[in-house]
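S.K.:
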Amino acid sequence: MGWKKKPCAKRKTEKLQASENNMTDVNCIFCKIIAGQIPSRKVYEDDEIFAFHDINPWAPVHFLIIPKLHIASVAHATPEHEGLLGRMMLLAPKLAFQEGARPYPDGGFRLVTNTGAEGGQEVHHMHWHVMGGPRPWLRG
Numbered sequence: 133m134g135w136k137k138k139p140c141a142k143r144k145t146e147k148l149q150a151s152e153n154n155m156t157d158v159n160c161i162f163c164k165i166i167a168g169q170i171p172s173r174k175v176y177e178d179d180e181i182f183a184f185h186d187i188n189p190w191a192p193v194h195f196l197i198i199p200k201l202h203i204a205s206v207a208h209a210t211p212e213h214e215g216l217l218g219r220m221m222l223l224a225p226k227l228a229f230q231e232g233a234r235p236y237p238d239g240g241f242r243l244v245t246n247t248g249a250e251g252g253q254e255v256h257h258m259h260w261h262v263m264g265g266p267r268p269w270l271r272g
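According to my numbering, the sequence shown is numbered sequentially starting from 133.
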């Protein structure tokens with residue numbers, strides 16, 4: 133696909149709109165993926181969470197888990213998001229194994245969340261990378 137990742141929460145005039153009780157950023161690439169405006173290879177979807185394969189995978193198993201609610205980063209999560217974050221955390225192993233990661237302890241997966249520019253965050257919609265499968269994919 134020919135699109136580039138662009139920050140979606142760095143703008144002072146971020147346009148948020150309500151969509152079925154969720155707030156979305158009309159300029160956010162992940163909000164557009166959730167809305168079906170940009171195609172993705174979906175792994176999972178429910179009322180609050182969307183998961184899809186990474187377009188530039190680092191590992192044999194590599195997908196992202198994102199909330200449908202536009203939260204710029206994990207640093208922006210509040211106590212009201214506690215249940216959502218817990219559900220995302222519990223969903224990660226289930227989906228990792230479903231997508232081909234081998235079980236613990238010999239197998240496993242990596243869960244990565246980049247936060248802010250110095251943390252390597254490129255898309256400013258909170259997301260978790262789930263990566264697994266036989267190494268040599270480990271990059272640091």
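Note that the Cβ used here is the ideal one computed from N, Cα and C, for glycine as well.
Distance, Cα to Cα, PHE229 vs PRO192?
M.R.: For this step, residue 229 is matched to residue 97 along the sequence shown. For this step, residue 192 is matched to residue 60 along the sequence shown. Roughly 12 Å between the two C-alpha positions.
S.K.: Using DSSP with H/G/I as helix, E/B as strand and the rest coil, what is ILE187?
M.R.: Against the sequence shown, residue 187 aligns to sequence position 55. Correct three-state label for ILE187: coil.
S.K.: Given this structure, state the Cα-to-Cα distance separating HIS256 from ILE203, to the nearest angstrom.
M.R.: Residue mapping note: residue 256 aligns to position 124 of the sequence shown, counting from 1. Residue mapping note: residue 203 aligns to position 71 of the sequence shown, counting from 1. The straight-line gap from Cα to Cα measures roughly 8 Å.
S.K.: Run the CB neighbour count on PRO266, radius 10 Å, all protein chains shown included, and call it buried at 16 or more, exposed below.
M.R.: As a first step, residue 266 must be located in the sequence shown, where it is residue number 134. The residue in question, PRO266, is exposed, as its Cβ has fewer than 16 Cβ neighbours within 10 Å.
S.K.: Counting only the same chain and skipping the five closest in sequence on each side, list residues whose C-beta sits under 6 Å from that of THR247.
M.R.: Here residue 247 is taken as the residue at index 115 of the sequence shown, counted from 1. Excluding sequence neighbours, THR247 sits near SER205, VAL206, ALA207, GLN253.
S.K.: In the DSSP output, what is PHE80 paired with across the bridge?
M.R.: The displayed coordinates of the chain run from 133 to 272. Any statement about residue 80 would go beyond what the structure contains.
S.K.: Would you mind reading off the limits of the beta strand (DSSP E) that contains LYS174?
M.R.: Mapped onto the sequence shown, residue 174 falls at position 42. Where LYS174 is concerned, the enclosing beta strand (DSSP E) stretches over 174-177.
S.K.: Grab me the residues of CYS163's own chain with a C-beta within less than 8 Å of its C-beta, minus the 5 sequence neighbours each way, in chain order.
M.R.: Working through the sequence shown from its first residue, we reach residue 163 at position 31. Contacts found: CYS140, THR156, ASP157, HIS202, HIS257.
S.K.: Which two residues bound the contiguous alpha helix (DSSP H) that contains PRO199?
M.R.: Locating residue 199 in the sequence shown gives position 67, counting from the first residue. Per DSSP, PRO199 belongs to no alpha helix (DSSP H); it is in the beta strand (DSSP E), 193-199.
S.K.: Closer than 7 Å by C-beta to ALA233: which residues in its own chain qualify, once you throw out the five before and the five after it? Chain order, please.
M.R.: For this step, residue 233 is matched to residue 101 along the sequence shown. Excluding sequence neighbours, ALA233 sits near VAL193, GLY239, GLY240, PHE241, GLY264, GLY265.
S.K.: With burial defined as no fewer than 16 other Cβ atoms inside 10 Å of the residue's Cβ, what is the status of GLU231: buried or exposed?
M.R.: For the purposes of this step, residue 231 is taken as residue 99 along the sequence shown, with counting starting at 1. Result: buried.
S.K.: Could you tell me the alpha carbon to alpha carbon distance between ALA183 and PRO199, rounded to whole angstroms?
M.R.: Here the question's residue 183 lines up with position 51 in the sequence shown. Here the question's residue 199 lines up with position 67 in the sequence shown. Taking the straight line from one Cα to the other gives about 9 Å.
S.K.: How is ILE181 classed by DSSP in three states: helix, strand or coil?
M.R.: Residue numbering aside, residue 181 sits at position 49 when the sequence shown is read from its first letter. The answer is strand: DSSP assigns ILE181 an E or B state.
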